[in-house]
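Add 88 to the 1-based position in the sequence shown for our numbering, that's all there is to it.
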Amino acid sequence: MNKQYFLSALTVIMIFVAGCSSSKTASAEPPAKWEVLGEKRVNYRMERDVMNISGRDVYKQIRIAVNGGSLNMYRATIYFENGGTQEVDLRKNFRSGSSSRVIDLTGSRRRIDKITFWYDTKNQSRRKAVLTVWGK
């Protein structure tokens, strides 16, 4: 009886360990073919920040990721090299390690000059969050 109980318990433990090791953790890093357009460390209050985009490549989509802290993102305005803009309503509570939906850029492939973000942290975490914008 003891041997049968031991083997049953061992089987349950092995199944649990196998299930835990195969599960994926959430990551704010998009899959391959995405490249980092810029990063910005945020402050502990209602804020409007501008992220200048260094690259001059053309993009069809962007994604916003948050690491190191939490924040409430309200909206973003994307400024294109040709003078056009695109307003993006986000209204998302980002936790560390999370990212936005994929945001399709209006028009054809676009060159991004800068992005303005409106957010607040409301002291949700003790660490300042880092915004990362990915593009492809």
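Where is the CB? At the ideal position from N, CA and C, for every residue including glycine.
Could you please give the first and the last residue of the uninterrupted beta strand (DSSP E) stretch that includes residue i?
i, result
"Leu125", "Glu123 to Arg129"
"Ile166", "Leu159 to Phe168"
"Arg179", "Thr173 to Phe182"
"Lys202", "Ile200 to Asp208"
"Arg136", "Glu135 to Asn140"
Indicate the three-state DSSP secondary structure (helix, strand or coil) for residue i in the structure shown.
i, result
"Gly223", "strand"
"Val146", "coil"
"Ile152", "strand"
Which residue wins for smallest C-alpha separation from residue i, given the options the options?
i, options, result
"Tyr162", "Trp206, Val146, Asp201 and Gln174", "Trp206"
So residue i and residue j are in contact, right, with Cβ under 8 Å, and what is the actual spacing, rounded?
i, j, result
"Ser188", "Arg151", "6 Å"
"Tyr147", "Lys224", "6 Å"
Could you name the residues of the same chain whose beta carbon sits closer than 8 Å to that of residue i, not counting the 5 residues immediately before and after it, in chain order?
i, result
"Arg133", "Asp208 and Thr209"
"Asn155", "Ala116, Ser184, Gly185, Ala217, Val218 and Thr220"
"Gln149", "Val190, Ile191, Asp192, Leu193, Gly223 and Lys224"
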